[in-house]
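Peer 1: This is the structure, below, for whatever I ask next.
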Amino acid sequence: MLNGLWLGFFIVAAVSALVQWLVGGNAGIFAAMVESIFAMAKLSVEVMVLLFGTLTLWLGFLRIAEKAGIVEWLAKVLGPLFLRLMPEVPAGHPALGLITLNFAANGLGLDNAATPIGLKAMKALQELNPSSTIASNAQILFLVLNASSLTLLPVTIFMYRAQQGAPDPTLVFLPILLATSCSTIVGFLSVAFMQRLRVWDPVVLAYLIPGALILGGFMALLATMSATALAGLSSILGNLTLFGLIMLFLVIGALRKVKVYEAFVEGAKEGFDVAKNLLPYLVAMLCAIGVLRASGALDFGLDGIRHLVQWAGWDTRFVDALPTAMVKPFSGSAARAMLIETMKTSGVDSFPALVAATIQGSTETTFYVLAVYFGAVGIQRARHAVGCALLAELAGVLGAIGVCYWFFG
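Going by our numbering, the sequence shown opens with residue 8, and the numbers climb by one from there.
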């Protein structure tokens, strides 16, 4: 699947460029595409520099957590649930604890912590995978849930809005929470359908129903809070949780006689090794995305959607937010740039900007997650992971548009 998608990016870009040259007379389109290839190659290296530090740091702390028994304890707590959702993962396996930590970090908007934890979890799942190149069912479920990325505190979106002068940066908090819930539910159910998972199993329901009730209660509580209180909660809870995890690992490690410094260095060395293996996959994916963007293919698609919406007689205000949605599956940095551009062009609290911000917070970057997570363990055949992840992404986008019409329309 990844081979076909990667080749498809270049083919679509080539067709788009030929149309612009032969029909539009834009002879400079090919120079722009070549320039984009080299720019994306440079960006890949810049991303890797950031990942080196982040991975080294967090995999060092994770090694302390492993030796302190925290990961093993989490695996035991969630063992009955994952025994049914990931039957090929043995009860008590370290991957289960890592998966739990990854989901918690994603939910709190702690991207810097979630990625290295997720890579560690994917590596642990790969140890159970009978194939070195084909994704297992457990890896697919884990990846799709990462791509859908249930986010309870979208701190980064608040930061973007504050930078652009929004009087209430947290205005999109509840819309994002509803949209990201849509994407996560659809992603989970699509994988459950493809893998014939027993969602209605009493044990699964015993975990999921309380979780849904807690989420609903949390949303109801947040709905009663002022914008100032929400902003304060987002900042304090996110940073407190991040630092609290570090101190929890260190204190429990020390109490259990773990040599925390030596364990940290041991894990940090592993983080360095994991990071350097990601570069070829990032270069391949980002260069293909760069060519697609430079060719004008995304602009063609946006104009077509606008005409269809007008023909159907629908409101077209949301179309100006679709550049963020169109590039989000391919490039997180491009989606951020599109979001900021929409805020500057239309106004930070305009309807298109609010929709774009909600879309940005509703899901992760699907193909980036595929490249990084599967690339870290050498997976080449993604099976139904791409389709399920894109379906979750679509649900997030549609949910974001619908919720914004509900809140701001």
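Yeah, the Cβ is synthetic: ideal placement off N, Cα and C, and Gly gets one too.
Classify arginine 388 as helix, strand or coil using the three-state DSSP reduction.
Peer 2: Taking the sequence shown and counting its residues from 1, one reaches residue 388 at position 381. Reduced to three states, the DSSP call for arginine 388 is strand.
Peer 1: Opposite isoleucine 408 in the DSSP bridges: which residues?
Peer 2: If you number the sequence shown from 1, residue 408 lands on position 401. None, per the DSSP bridge assignment.
Peer 1: Hey, out of Ala75, Asn136 and Ile366, whose CA is closest to glutamate 95's CA?
Peer 2: Taking the sequence shown and counting its residues from 1, the one referred to as residue 95 is at position 88. Glutamate 95 has its Cα closest to that of Asn136, out of Ala75, Asn136 and Ile366.
Peer 1: In angstroms, rounded to a whole number, what distance separates the CA positions of glutamate 273 and alanine 75?
Peer 2: Taking the first residue of the sequence shown as 1, we reach residue 273 at position 266. Taking the first residue of the sequence shown as 1, we reach residue 75 at position 68. So the two alpha carbons sit approximately 14 Å from each other.
Peer 1: When you compare each of Thr352, Phe325 and Ala154 to leucine 405 by their alpha carbons, which one comes out closest?
Peer 2: The sequence position of residue 405 within the sequence shown is 398, counting from 1. The shortest Cα separation from leucine 405 among Thr352, Phe325 and Ala154 belongs to Phe325.
Peer 1: Considering Cα atoms alone, identify which of Ala389, Leu346 and Phe271 is closest to arginine 70.
Peer 2: Position 63 of the sequence shown, counted from the start, is the residue given in the question as residue 70. Checking every option, the nearest Cα to that of arginine 70 belongs to Phe271.
Peer 1: My understanding is that phenylalanine 17 touches valine 298, with C-beta atoms under 8 Å, so please give their C-beta distance in whole angstroms.
Peer 2: The residue you call residue 17 lines up with position 10 of the sequence shown. The residue you call residue 298 lines up with position 291 of the sequence shown. That pair is a contact at about 6 Å.
Peer 1: What is the residue span of the alpha helix (DSSP H) that phenylalanine 149 lies within?
Peer 2: Position 142 of the sequence shown, counted from the first residue, corresponds to residue 149. It spans 144-155 - the alpha helix (DSSP H) in which phenylalanine 149 sits, taken as one unbroken run.
Peer 1: Would you mind working out which of Val206, Gln133 and Val362 sits nearest glutamine 387, comparing C-alpha positions?
Peer 2: The residue given as residue 387 occupies position 380 in the sequence shown. Ranking the options by Cα distance to glutamine 387, first place goes to Gln133.
Peer 1: Can you tell which of Leu126, Ser23, Pro97 and Thr191 has its C-alpha closest to the C-alpha of glutamate 277?
Peer 2: By 1-based counting over the sequence shown, the position of residue 277 is 270. Looking at the Cα atoms, Leu126 is the closest of the given residues.
Peer 1: Going along the chain, which unbroken runs of the alpha helix (DSSP H) with 4 or more residues stay wholly within the region 151-202?
Peer 2: Within the region 151-202, the complete alpha helix (DSSP H) runs of at least 4 residues are 162-170 and 180-202.
Peer 1: Can you check which of these residues, Gly99, Leu293 and Glu348, is closest to leucine 50 by C-alpha distance?
Peer 2: Residue mapping note: residue 50 aligns to position 43 of the sequence shown, counting from 1. Nearest option by C-alpha distance: Leu293.
Peer 1: Indicate whether leucine 148 and leucine 222 have their beta-carbon atoms separated by less than 9 Å.
Peer 2: The residue you call residue 148 lines up with position 141 of the sequence shown. The residue you call residue 222 lines up with position 215 of the sequence shown. No, the Cβ-Cβ distance between leucine 148 and leucine 222 is not below 9 Å.
Peer 1: When the Cα atoms are used, what is the spatial distance from methionine 129 to methionine 93?
Peer 2: Position 122 of the sequence shown, counted from the start, is the residue given in the question as residue 129. Position 86 of the sequence shown, counted from the start, is the residue given in the question as residue 93. Those two C-alpha atoms are separated by around 13 Å.
Peer 1: Could you tell me the alpha carbon to alpha carbon distance between valine 179 and serine 139, rounded to whole angstroms?
Peer 2: Reading the sequence shown from its first residue, position 172 is the one you call residue 179. Reading the sequence shown from its first residue, position 132 is the one you call residue 139. Taking the straight line joining both Cα atoms gives about 42 Å.
Peer 1: If you count every other CB in all the chains shown that lies within 10 Å of the CB of leucine 212, and 16 or more means buried, which is it?
Peer 2: Position 205 of the sequence shown, counted from the start, is the residue given in the question as residue 212. Per the 10 Å Cβ criterion, exposed.
Peer 1: With C-beta atoms as the reference, is alanine 301 less than 9 Å away from alanine 20?
Peer 2: Looking up residue 301 in the sequence shown gives position 294. Looking up residue 20 in the sequence shown gives position 13. Yes.
Peer 1: So the candidates are His391, Leu262, Gln27 and Ser23; which of them puts its Cα closest to the Cα of alanine 145?
Peer 2: Counted from its first residue, the sequence shown places residue 145 at position 138. Here the closest residue by C-alpha is His391.
Peer 1: Apart from the five residues just before and just after alanine 131, which ones in its own chain have a Cβ nearer than 8 Å to its Cβ?
Peer 2: Residue mapping note: residue 131 aligns to position 124 of the sequence shown, counting from 1. The answer, listed in chain order, is His100, Pro101, Ala102 and Leu105.
Peer 1: Tell me the DSSP bridge mates of isoleucine 141?
Peer 2: By one-based count along the sequence shown, residue 141 stands at place 134. Answer is Arg388.
Peer 1: Around the Cβ of proline 123, are there at least 16 other Cβ atoms within 10 angstroms (buried) or fewer (exposed)?
Peer 2: Reading the sequence shown from its first residue, position 116 is the one you call residue 123. With 16 or more other Cβ atoms within 10 Å, it is buried.
Peer 1: Does the separation of the CB atoms of leucine 416 and aspartate 322 fall below 9 Å?
Peer 2: Position 409 of the sequence shown, counted from the start, is the residue given in the question as residue 416. Position 315 of the sequence shown, counted from the start, is the residue given in the question as residue 322. Looking at the sequence itself, residue 416 is glycine, so the reference to leucine does not match. Cβ distance < 9 Å, so glycine 416 and aspartate 322 count as in contact.
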